[in-house]
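If you're matching positions, the sequence shown starts at 1 in the working numbering and goes up one per residue.
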Amino acid sequence: MKAIGQLLWPIGNHMTFMEFLMERFQPLAVQGYVRLQQNWCEWNTCSRKFLMAVALVATGEGDKASRWMLEAAEGIIKEQLLHSIVTKGANESGDAGSRADPVMRFHLICVQLLEQAGLCSAALRVALVALNSSKTDDPLLPTIWSIVAKLHLNLGHYQEAYEAIVNNPDSSQRPETLGRLVNILLERKQMDILLTFPYAGLESELEKIVERRARSSDVLSMTLYYSFLYAFHVRQGKMRKAAAVMHEQALRYGCEGESAKMVKCLLACLNALRLVSRQEAWLVKPVTTLNRKDSSEPFRHTVDVIEYADIEKEYELSYACINLGQSIASLSPSDVVALLTSRNRYESALRIARIFDVKDTSPVVEHLAANCVALSRERANEDEAWIWLSLNQSSGVGKASEQAWRLLERILPKAEGGDKQTRCHRAAAKKILGLDCTLPYWLAASYKLRNPGELISIYHQAGLLEDAAQVALELMDAMLGKGKEYFGFDSNPLQINAPPVWMPYTVFDRLIMELEANCNDSTYKSLLNDMKGKLHAYFQTAERVSRSFVELSMS
Numbered sequence: 001m002k003a004i005g006q007l008l009w010p011i012g013n014h015m016t017f018m019e020f021l022m023e024r025f026q027p028l029a030v031q032g033y034v035r036l037q038q039n040w041c042e043w044n045t046c047s048r049k050f051l052m053a054v055a056l057v058a059t060g061e062g063d064k065a066s067r068w069m070l071e072a073a074e075g076i077i078k079e080q081l082l083h084s085i086v087t088k089g090a091n092e093s094g095d096a097g098s099r100a101d102p103v104m105r106f107h108l109i110c111v112q113l114l115e116q117a118g119l120c121s122a123a124l125r126v127a128l129v130a131l132n133s134s135k136t137d138d139p140l141l142p143t144i145w146s147i148v149a150k151l152h153l154n155l156g157h158y159q160e161a162y163e164a165i166v167n168n169p170d171s172s173q174r175p176e177t178l179g180r181l182v183n184i185l186l187e188r189k190q191m192d193i194l195l196t197f198p199y200a201g202l203e204s205e206l207e208k209i210v211e212r213r214a215r216s217s218d219v220l221s222m223t224l225y226y227s228f229l230y231a232f233h234v235r236q237g238k239m240r241k242a243a244a245v246m247h248e249q250a251l252r253y254g255c256e257g258e259s260a261k262m263v264k265c266l267l268a269c270l271n272a273l274r275l276v277s278r279q280e281a282w283l284v285k286p287v288t289t290l291n292r293k294d295s296s297e298p299f300r301h302t303v304d305v306i307e308y309a310d311i312e313k314e315y316e317l318s319y320a321c322i323n324l325g326q327s328i329a330s331l332s333p334s335d336v337v338a339l340l341t342s343r344n345r346y347e348s349a350l351r352i353a354r355i356f357d358v359k360d361t362s363p364v365v366e367h368l369a370a371n372c373v374a375l376s377r378e379r380a381n382e383d384e385a386w387i388w389l390s391l392n393q394s395s396g397v398g399k400a401s402e403q404a405w406r407l408l409e410r411i412l413p414k415a416e417g418g419d420k421q422t423r424c425h426r427a428a429a430k431k432i433l434g435l436d437c438t439l440p441y442w443l444a445a446s447y448k449l450r451n452p453g454e455l456i457s458i459y460h461q462a463g464l465l466e467d468a469a470q471v472a473l474e475l476m477d478a479m480l481g482k483g484k485e486y487f488g489f490d491s492n493p494l495q496i497n498a499p500p501v502w503m504p505y506t507v508f509d510r511l512i513m514e515l516e517a518n519c520n521d522s523t524y525k526s527l528l529n530d531m532k533g534k535l536h537a538y539f540q541t542a543e544r545v546s547r548s549f550v551e552l553s554m555s
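Okay, structure coming up:
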């Protein structure tokens, strides 16, 4: 009984009874026992306060517990229980704990105890006291700063958490706490708060954290991270980095078949690059290639440099595929041009052809010419025609057929390219004549400027002998100086200093032979005589000019 009495008696260097109560989880009994001794027992005062604080932690009274803990710190050196607790904590903390100030070690133990119980406000109060009383070279100082940042974060004090991260003297601990701050704010969609922090010296760490989350996220959740990175770089004025973020997101959407979202990202990428100087408007894209020379290293990582024009091509093709309702990966530029043409999107088809250097655009013109003829003969639905005309930026008063012919007139020079090329003119003329329709005046006039001999041949092949002969007569008149402007001659072709011109003699010979075979017809006979007369006059003039040139050269 005497031994038991000694264990229960509070006067002594032991706290056996209170430790027993705590081990049996009797926090209320501990609190009552401490109150009984509060006014008369002066032994182990700080130890009792600490155990009282532990009991209050067990009952969830964090504010009271933190006050008792701070008061208990005074007895760390002189009281055996507290000294043993601090010594044990130092051994568990390793070299940093053994070199730290005992009060700092005790505060850290208290903070961890409160934090484990979920009493963040109380833990933060003790941690801040520890910071204010610590030395600048204390090895536990970075740990306390990390805990302070974590506690502020748990309490929703984002600005204070950021300040704690920045003030942490150990730079190696900053990325972890910064990552926790970033992830919480992103998950709570509070990007406005995240963008307000200056991130002095932490920009690269922030980028790595968010990029890692973005690349490891699925297609449904990655948008949040890429959007933040884009906004962050724009706010920092780093437009090329912002463009790179959007391009990476576009590639991921493309792999998942999200064409519409891919196009939006590509457009944002282009807009960002437009704000960069032309010399800097490029991105780097990582590429993994197979190394065939060494089987032990099958993959070789390289990079591709993507310029603004490349991204613009990617955007235009993707946008066209969306309009067609087709998968981007399954279509080549030529396929897209053909599909756009079949759906009467002629302007879009020509734009894709120009961007991707599709050489032959004559099918586009040929298809439109067929639609023009069908509308002129009222064989096509006019209401439907107005729909596709509006898609080609063609609107106005009048009939749909008139607007269609105007559209062909506007598109033909774009499709042709060079001033003297006639591939698209030839396709349009053959299609119109093949459908037994007359060539519009503007088309014939444009053809005369480019290649009148080919126009004569097309008329001839279509059986329009009279039209072919009329163009031939006009050409011969132009050679003689009459109406030369209609064929693109700047001066009289038969003048001494005039540039050389081409006379389609073979075409004329075939035409004359055809007229001679049909000279029983008075119209053809008259045209035959006119052609022979014009040719005779042309040869006489050419001979006279040549003789004069020789005489002038010899004089």
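The beta carbon of each residue, even a glycine, is placed where N, CA and C say it ideally should be.
DSSP beta-bridge partners of residue i
i    : result
K285 : D304
Check whether residue i and residue j have beta carbons under 9 Å apart
i    : j    : result
I512 : K525 : no
F106 : A127 : no
L575 : A429 : Here the chain covers residues 1 to 555 and nothing more, so residue 575 does not appear.
A478 : A415 : no
N226 : L185 : Looking at the sequence itself, residue 226 is Tyr, so the reference to Asn does not match. For Y226 and L185, no; Cβs fall outside 9 Å.
Q249 : T223 : yes
L535 : P504 : no
L151 : A117 : no
R423 : D383 : no
L375 : A404 : yes
I432 : V373 : yes
S146 : D101 : no
H247 : L206 : no
R252 : A281 : no
L266 : E314 : yes
N168 : P142 : yes
L494 : V550 : no
Assigned secondary structure, residue i (DSSP; H/G/I helix, E/B strand, else coil)
i    : result
W40  : For W40, the pLDDT reaches just 48, beneath the cut-off of 50, and the residue's location in the model is therefore unreliable, leaving the point undetermined.
A542 : helix
S395 : coil
G12  : Caution applies to G12, whose pLDDT of 49 falls short of 50 and renders its modelled position unreliable; the value that the coordinates give is listed next. Coil, per DSSP.
V276 : coil
E61  : coil
K414 : helix
H157 : coil
P504 : coil
R377 : coil
E258 : coil
S217 : coil
C437 : coil
Y553 : It should be pointed out that residue 553 corresponds to Ser in this sequence rather than to Tyr. Correct three-state label for S553: helix.
R345 : coil
N451 : coil
F106 : helix
T143 : helix
K359 : coil
G118 : coil
F489 : coil
F197 : coil
L480 : coil
L331 : coil
Whole-Å CB distance - residue i paired with residue j, under 8 Å assumed
i    : j    : result
A370 : L435 : 7 Å
V263 : P286 : With 8 Å as the limit, V263 and P286 do not qualify as a contact, their Cβ atoms being about 22 Å apart.
A65  : L114 : 7 Å
L140 : R180 : No, L140 and R180 are not in contact; Cβ-Cβ is about 20 Å, not under 8 Å.
L202 : R235 : Between R235 and L202 the Cβ distance is about 15 Å, and since that is not below 8 Å, they are no contact.
L480 : A517 : The Cβ separation is near 27 Å, so there is no contact.
I144 : L155 : Contact flag wrong, Cβ pair sits at about 16 Å.
T177 : A214 : Actually they do not touch by this definition, with Cβ atoms about 20 Å apart.
E256 : V219 : 5 Å
R351 : L391 : So it is not a contact: roughly 13 Å between Cβ atoms.
Test: residue i CB closer than 9 Å to a CB of chain B
i    : result
K264 : No chain B is present in this structure, which holds just one protein chain.
Is the stretch 227-245 touching the stretch 265-277 in the sense that three or more CB pairs, one from each, lie closer than 8 Å?
yes
Does the contact criterion of 3 or more C-beta pairs under 8 Å hold for the stretch 358-378 versus the stretch 302-321?
no
Between the stretch 390-400 and the stretch 454-474, do three or more beta carbon pairs fall short of 8 Å?
no
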